[in-house]
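Those sequence lines, one after another, are chains A and R. Numbered according to the numbering used here, the first sequence spans residues 30 to 370. Numbered according to the numbering used here, the second sequence spans residues 30 to 370. Virtual Cβ for every residue (Gly too), placed ideally from N, Cα, C. Because the structure is a prediction, the values reported are computed rather than measured. Notes to accompany the following structure.
There are 2 protein chains.
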Amino acid sequence: MRQHSFRPVTIAEVARHAGVSQATVSRVINGNATVAAELQARVRRAVEELGYQPDRAARRLRSNASQVLGLIVSDIQNPYFTAVVRGVEDAAYAQGMAVLLCNSDGDPDKQASYIQVLRAERAAGLIVAPTSVRDGPMLVAVRAGGTPVVLLDRQIEGGAFDSVVVDNVHGAEMATMHLLALGRQRVALIAGALDTTTGRDRLRGYRQALEAHGVRSDPRLIKEGDFKYDAGYTLARVLLEQDPRPDALFVANNLMTLGALKALREAGVRVPDDIALVGFDDFPWASELQPPLTTVAQPTYELGRIAAQQLFERLRDPDAPARTHVLQTRLVVRASCGARL
Amino acid sequence: MRQHSFRPVTIAEVARHAGVSQATVSRVINGNATVAAELQARVRRAVEELGYQPDRAARRLRSNASQVLGLIVSDIQNPYFTAVVRGVEDAAYAQGMAVLLCNSDGDPDKQASYIQVLRAERAAGLIVAPTSVRDGPMLVAVRAGGTPVVLLDRQIEGGAFDSVVVDNVHGAEMATMHLLALGRQRVALIAGALDTTTGRDRLRGYRQALEAHGVRSDPRLIKEGDFKYDAGYTLARVLLEQDPRPDALFVANNLMTLGALKALREAGVRVPDDIALVGFDDFPWASELQPPLTTVAQPTYELGRIAAQQLFERLRDPDAPARTHVLQTRLVVRASCGARL
DNA sequence: TAATGTGTAGAAAACGATTTCCCGGCGCGC
DNA sequence: GCGCGCCGGGAAATCGTTTTCTACACATTA
Numbered sequence: 030m031r032q033h034s035f036r037p038v039t040i041a042e043v044a045r046h047a048g049v050s051q052a053t054v055s056r057v058i059n060g061n062a063t064v065a066a067e068l069q070a071r072v073r074r075a076v077e078e079l080g081y082q083p084d085r086a087a088r089r090l091r092s093n094a095s096q097v098l099g100l101i102v103s104d105i106q107n108p109y110f111t112a113v114v115r116g117v118e119d120a121a122y123a124q125g126m127a128v129l130l131c132n133s134d135g136d137p138d139k140q141a142s143y144i145q146v147l148r149a150e151r152a153a154g155l156i157v158a159p160t161s162v163r164d165g166p167m168l169v170a171v172r173a174g175g176t177p178v179v180l181l182d183r184q185i186e187g188g189a190f191d192s193v194v195v196d197n198v199h200g201a202e203m204a205t206m207h208l209l210a211l212g213r214q215r216v217a218l219i220a221g222a223l224d225t226t227t228g229r230d231r232l233r234g235y236r237q238a239l240e241a242h243g244v245r246s247d248p249r250l251i252k253e254g255d256f257k258y259d260a261g262y263t264l265a266r267v268l269l270e271q272d273p274r275p276d277a278l279f280v281a282n283n284l285m286t287l288g289a290l291k292a293l294r295e296a297g298v299r300v301p302d303d304i305a306l307v308g309f310d311d312f313p314w315a316s317e318l319q320p321p322l323t324t325v326a327q328p329t330y331e332l333g334r335i336a337a338q339q340l341f342e343r344l345r346d347p348d349a350p351a352r353t354h355v356l357q358t359r360l361v362v363r364a365s366c367g368a369r370l
Numbered sequence: 030m031r032q033h034s035f036r037p038v039t040i041a042e043v044a045r046h047a048g049v050s051q052a053t054v055s056r057v058i059n060g061n062a063t064v065a066a067e068l069q070a071r072v073r074r075a076v077e078e079l080g081y082q083p084d085r086a087a088r089r090l091r092s093n094a095s096q097v098l099g100l101i102v103s104d105i106q107n108p109y110f111t112a113v114v115r116g117v118e119d120a121a122y123a124q125g126m127a128v129l130l131c132n133s134d135g136d137p138d139k140q141a142s143y144i145q146v147l148r149a150e151r152a153a154g155l156i157v158a159p160t161s162v163r164d165g166p167m168l169v170a171v172r173a174g175g176t177p178v179v180l181l182d183r184q185i186e187g188g189a190f191d192s193v194v195v196d197n198v199h200g201a202e203m204a205t206m207h208l209l210a211l212g213r214q215r216v217a218l219i220a221g222a223l224d225t226t227t228g229r230d231r232l233r234g235y236r237q238a239l240e241a242h243g244v245r246s247d248p249r250l251i252k253e254g255d256f257k258y259d260a261g262y263t264l265a266r267v268l269l270e271q272d273p274r275p276d277a278l279f280v281a282n283n284l285m286t287l288g289a290l291k292a293l294r295e296a297g298v299r300v301p302d303d304i305a306l307v308g309f310d311d312f313p314w315a316s317e318l319q320p321p322l323t324t325v326a327q328p329t330y331e332l333g334r335i336a337a338q339q340l341f342e343r344l345r346d347p348d349a350p351a352r353t354h355v356l357q358t359r360l361v362v363r364a365s366c367g368a369r370l
């Protein structure tokens, strides 16, 4: 009801209003000491009546217990990360935590700069989708500085981190096997950046599938991209110029798949008749594409949710051994692979 | 080089290291008082050598100058907001600010709860895409509490707010006119929630276009949705059962358009031959849909960027009169409207 | 020359919470 | 009945900054 609350209520006012000391108010609010029932009631009523809300900046300063976590992804406009962010945010909200969102654009400098900011903000912990395996030392330092770190989607060298990843090897293997099982002979791969475990693992899965089918992997059919749209477009064009042309294409993430699709369309290639296509990462409109896209779906929302939970557990028990959650992918068969549905 | 920085460097250590007082260090860092050149140099060197970074929680506590802004959208998974968020974040980053991201899910309670959190965090300001026109009083109170508010996409009753919106009336008018110009006779509308200015304005644009063409608006052709996928699907089905059937459909946002598309597909309706379709909101893959979607594109990234800039200007000059930025939409003609390309 | 003004920089207060320290009262055991 | 330990709660210290207050040196003016 207070009309003009130009300055928020402080704990001192609550204490005065309840006729107790600040310490008692604090104890009641945080429940970390026993306070007589009657005083508790008085304090709670005062809090209610004044609409008191503790100042998080002050709390953080004194007790170093922050209610904010930092989330660094490369680009939230990538639908993969959009879902991850949402997963993190929902889990955080359930714990009364807020999320500081940072887009690194895969730029190590920008990432480093954001980490500085998050440390200065005293974020309770960080959830990071690292730009590169070489980020290890920096993140180790952050953790040594007392800020827990949970890795998302990618693992890094040097130091066992809490992390949540998908089984990329298996996912890529499934996709490639699927194409081979449909009778395709020359399965090309547009790989992800090979300085990420994600990129490497998907390459490995691809190779394992070929091997299992007794097909020798042809280096000319493997192109390394950087997970971005343009790479998919450019590398698909390169692959199309080869003779003989590949009759199937597996692309290691969503953006590159869209780029490749554009190249195929421009070249007048029929999908799946001329070239069968399987992508990685599902997205809401993959079934609305022409043709509907067969793809390896990741539980992205879950990825984010679990990463946040892992962070909360870490905050509760800083000395527990690091854990890695591995989630499974799922091959979603639509039309672009040429399977009869 | 410092190896084990378990506790971050404080201003006191910097002061000692440089042989000056804390006050001087603060003055050098913030540049709000003259300090002798030599001392400045000493301080800067000390900062450099110790890797000092001011603690933002402490700064915020004392000077009430926060470097965090709050952003409340209904759902970041909506590509419309994804781009907005990115625009805000980029603009914030350029100013050394970080963004606290909140998804309200269009739920007033959740939004209120987030606003509490953002106030407790002492966010420098809020950028809000309000859930409803009735949010006015709450936001007025927030602003009265000293936290600047910039409205995004929607305006609200009661109180002139800084805001950035698009010309929804004109956008809807263009879309409807386009369908009429293509010779469609019975243009249906799946409208947005009519307790938002956005929903209302798009309805108005639709009506204006009909009027301009001398067509009397038929209430049976207008269905009110809530901007969500399911509403688009359900309402499209309702429209399809009518006799005579509409020969064109304008849908007031992206999610409902996708829902409607599903309904049309399921009913075996050919787009655009049987029913011409125009949506609102462009999205990255709209051109990959089957058929490619004609739609009213909003400058979403710009929307976010400008909202952030407006907030920064407001922080610089709290007493300037409130301003509303109106951005223009653009009709992107693809195949779903039946235009010959 | 004395008084006043100006500018620079240190000492200390302040921000709003949590936590430590301490004291008075009570129960219990001897 | 007395001393000891325990417990509940208030006073004050504390977190790391910014800002106010104060002091001093030097220049300027009457």
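- The beta carbons of alanine 158 of chain R and valine 102 of chain R sit about 5 angstroms from each other, so the pair counts as a contact at 8 angstroms.
- When Cβ pairs closer than 8 angstroms are counted between the two stretches, the segment 293-306 of chain A is seen not to touch the segment 339-346 of chain A, the count staying below three.
- Inclusion of valine 280 of chain R and serine 365 of chain R in the CB contact set at 8 angstroms is not warranted, their separation being larger than that value.
- DSSP places threonine 353 of chain A within a strand segment (E or B) once states are collapsed to three.
- For valine 195 of chain R, same chain residues with a beta-carbon under 8 angstroms away, outside a window of 5 residues either side, are Asp182, Gln327, Pro328, Leu332, Val355, Leu356, Gln357 and Thr358 in chain order.
- Threonine 323 of chain A and aspartate 311 of chain A have their C-alpha atoms some 9 angstroms from each other.
- Around histidine 46 of chain A, the same chain offers Ala75, Glu78 and Leu79 as residues with beta carbons nearer than 8 angstroms, after the five sequence neighbours per side are excluded.
- For glutamine 357 of chain R, no Cβ of chain A is located within less than 8 angstroms of the residue's own Cβ.
- Taking C-beta separations shorter than 6 angstroms and ignoring five residues to either side along the sequence, the partners of glutamine 184 of chain R in its chain run Ser192 and Thr226, following chain order.
- Beta-bridge pairing by DSSP links threonine 329 of chain R to no other residue.
- A distance of 8 angstroms or more separates the beta carbons of valine 97 of chain A and alanine 149 of chain A.
- Per DSSP, the continuous beta strand (DSSP E) segment holding valine 179 of chain R begins and ends at 178-181.
- Alanine 112 of chain R counts as buried, since at least 16 other C-beta atoms from the protein chains shown sit within 10 angstroms of its C-beta.
- DSSP lists A:Ile101 as the beta-bridge partner residues of cysteine 131 of chain A.
- In the DSSP assignment, valine 193 of chain A falls outside any alpha helix (DSSP H) and within the unbroken beta strand (DSSP E) covering 191-195.
- Between the alpha carbons of valine 169 of chain R and aspartate 84 of chain A lies a distance of about 21 angstroms.
- The C-beta distance from proline 275 of chain A to leucine 239 of chain A rounds to 13 angstroms, too long to meet the 8 angstroms contact threshold.
- Closer than 8 angstroms to the CB of proline 166 of chain R there is not a single CB belonging to chain A.
- In this structure, alanine 201 of chain A and glycine 234 of chain A form a Cβ contact; the two beta carbons are roughly 3 angstroms apart against a cut-off of 8 angstroms.
- Around the beta carbon of alanine 336 of chain R, 16 or more other beta carbons sit within 10 angstroms, so the residue counts as buried.
- Here valine 267 of chain R is exposed: its Cβ has fewer than 16 other Cβ atoms, across all protein chains shown, within 10 Å.
- Leucine 208 of chain A carries a helical assignment under DSSP once its states are collapsed to helix, strand and coil.
- Listed by position along chain R, the residues whose Cβ is nearer than 8 angstroms to that of valine 114 of chain A are Ile105 and Leu130.
- Taken through DSSP and simplified to helix, strand or coil, arginine 213 of chain A comes out as coil.
- Contact check between the segment 121-130 of chain R and the segment 57-67 of chain R: fewer than three CB pairs, one atom from each, fall below 8 angstroms, which does not count as touching.
- Contact with chain A is found for glutamate 317 of chain R, since one of that chain's Cβ atoms lies less than 8 angstroms from the residue's Cβ.
- For a cut-off of 8 angstroms, the C-beta gap from alanine 189 of chain R to alanine 351 of chain R is around 4 angstroms, short enough to register as a contact.
- Taking C-alpha positions only, proline 108 of chain A is separated from tyrosine 330 of chain R by approximately 16 angstroms.
- At a C-beta separation below 8 angstroms, leucine 90 of chain A has these neighbours in chain R: Asp84, Ala86, Ala87 and Leu90.
- A direct Cα-Cα distance of roughly 11 angstroms separates asparagine 93 of chain R from glycine 175 of chain R.
- Scanning chain A for C-beta atoms nearer than 7 angstroms to the C-beta of threonine 111 of chain R yields Ile105, Gln106 and Thr111, reported in chain order.
- For arginine 151 of chain A, the nearest CB of chain R lies under 8 angstroms from its own CB, placing it at the interface with that chain.
- Nearest to arginine 369 of chain R by alpha-carbon distance, out of R:Ala127, R:Leu208, R:Ala41 and R:Ala87, is R:Leu208.
- Ranked by Cα distance from glutamate 42 of chain A, the options A:Leu68, A:Tyr81 and A:Asn59 are led by A:Tyr81.
- DSSP, read as helix, strand or coil, puts glutamate 270 of chain R in coil.
- Across the set A:Leu284, A:Ser316, A:Pro301 and A:Leu264, the C-alpha of A:Leu284 shows the shortest separation from the C-alpha of phenylalanine 110 of chain A.
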